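*Asks:* To convert a position in the sequence shown, counted from 1, into our numbering, add 599.
Handing you a structure now.
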Amino acid sequence: MQVAARKTNLPHIVTALPGPNAKKIVERDHQVVSPSYTRDYPLVAKTGRGAMIEDADGNTFLDFAAGIAVVATGHCHPQVVAAIQKQAAELIHMSCTDFYYQGTVDLAEKLASIAPGKGAKRVYFGNSGTEAVEAAMKLARYHTKRDKFIAFNGCFHGRTLGSLSLTASKAVQRKHFGSLLAGVFHTPYPNTYRGAYGGRPENASADALAHIENELFKRLVDPEEVAAIFVEPIQGEGGYLIAPAEFLQGLERLCRKHGIMLVADEVQSGMGRTGKWWAVDHAGIEPDMICTAKGIASGMPLSAVIAKAEVMDWKPGAHASTFGGNPVSIAAALATIGVLETEAIANAARVGEFILQQTAGWRERHESVGEIRGKGLMIGIELVRDQKTKEKAPELRNRVIDMAFRKGLLVLGAGENSLRLAPPLVIDEEQATFALSTLDACIAEAERAL
Ligand SMILES: Cc1ncc(COP(=O)(O)O)c(C=O)c1O
């Protein structure tokens, strides 16, 4: 009898989880690695290919987390690996702070060409999302000679002390870290499911804009002192909340009116994840700066601030980083962008739409599904205890994540009670179907256990 070959693009679990090798590594990790990391389940990744991860015991998983929305082209895409290997054999580092590389110029030109708007751009390179945000904060102060910032409730911009002053995601991220930057003001995000600040969901954009003009600018800070407004066009850690186009357009007008820099933090939403290069492209706005990282180099550490050329006017020595824009990460980014523009962005738009269509009936089937929202392959499923009251269901969400892991599907949470679907942008419909049927079953099982 002929046995059908096992599909390599779908999961296969061969041990109890965690398996014996994974268990040993987790135990050693708990002795020596910083306890500040938040691991939802004991995945010990060993190898990766495309959207599949193999663990230390030979179990394979379908990865709908992508290293926190990082491996845009999938794990170890052959073109990215070849670019890294070639560059590593030629030159690993000299520091673009002190010397020139062709790759840095190539990538800066490419990023400038894909950034919104026709005007000239300049690009600063760092190594992580938080460094891009720090650089944007400093550049906004430098350029405007103002020192105040506005950010949104629920936002996440990083964990170093400057970016942490903007971040308003979870109290644990701030607890015991003392006073942060003075002069940062937080304002409601246009949450179209719950409304901005208790208002009606359909008024979320208008309410969120009015709050800035009528509350912040009248009572707390004169707009002439505000250097920048930082906005995630889709809040990532906040729960995959999508700011409506009219809100982003209104924010752009408000910034222009008051001479405030508009900074789009596209660390999570950028580099094609939403089916366009940038989430702001869906609203047709042109921020003064875009921060990008995560997906830019398929897992190699790299970040960038793409600014309007007239805004990036700082002088030599004003800001730099030893490793920022290192040749190996740059080579990975150039290869990544090649894959994104030839296939992966279009695939993200197509498969993302497929997922939204396939899940359209879930609210009727599952009392705990509050809302499913997304653009491209940045999709959030908000789980609630009751669709009418919208009471959040964090325990149920956490249970679904754990159950999915045990069935071979890797997902992460976002916000207090949402599931985040952030797979590599190269997944196919069969993988999407597997992920959805797994989540469907896990949600039903978790609901029954309530
Ligand atoms: C929107 C956004 N900005 C900034 C960051 C910080 O990036 P990093 O962890 O690379 O410092 C993140 C990370 O999740 C993010 O989602």
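From the three backbone atoms N, C-alpha and C, an ideal C-beta is built for every residue, glycine too.
Note that the coordinates shown come from a computational prediction; the quantities given were computed from them, not determined experimentally.
#1: Decide yes or no for the touch test of the segment 917-930 against the segment 747-759: beta carbon pairs closer than 8 Å, at least 3 of them.
#2: Which residues in the same chain have their Cβ closer than 7 Å to the Cβ of W913, if we skip the five residues on either side of it in sequence?
#3: Grab the span of the beta strand (DSSP E) containing D662 for me, first residue to last.
#4: With a threshold of 16 other CB atoms inside 10 Å of the CB of G858, please say whether the residue is buried or exposed.
#5: What are the start and end residues of the beta strand (DSSP E) that includes A903?
#6: Below 8 Å, is the gap between the Cβ of E831 and the nearest heavy atom of ligand 1?
#7: Give the single residue among V904, D1001, D1027 whose Cα lies nearest to the Cα of E942.
#8: The alpha helix (DSSP H) spanning K577 covers which residue range?
#9: Under 8 Å: does the beta carbon of D654 sit that close to some heavy atom of ligand 1?
#10: For V830, which residues does DSSP report across the bridge?
#11: Could you name the residues of the same chain whose beta carbon sits closer than 7 Å to that of I936, not counting the 5 residues immediately before and after it, in chain order?
#12: How about G1014 and E836: do their beta carbons lie closer than 9 Å?
#13: Please report the residue range of the alpha helix (DSSP H) in which T743 lies.
#14: Nearest to A1043 by alpha carbon, out of V999, F1004, P822, P1023?
#15: What first and last residue would you give for the alpha helix (DSSP H) that runs through E952?
#16: If I954 sits next to A863, beta carbons under 8 Å apart, how far is it from one beta carbon to the other, in whole angstroms?
#17: Taking only the alpha-carbon atoms, compute the straight-line gap between R795 and Q867 and give it to the nearest angstrom.
#18: May I ask you to report which of helix, strand or coil DSSP gives A919?
#19: In angstroms, rounded to a whole number, what distance separates the CA positions of K769 and S762?
*Replies:* Answer, in terms of the structure:
#1: no
#2: L738, Y741
#3: 659-662
#4: exposed
#5: 902-907
#6: yes
#7: D1027
#8: A question about residue 577 goes unanswered here, because the residues of the chain that appear run from 600 up to 1049.
#9: no
#10: A863
#11: K709
#12: yes
#13: 728-743
#14: V999
#15: 944-957
#16: About 24 Å; that fails the 8 Å criterion.
#17: As written in the sequence, residue 795 is Ala, which differs from the Arg given in the question. The straight-line gap from Cα to Cα measures roughly 22 Å.
#18: coil
#19: 14 Å
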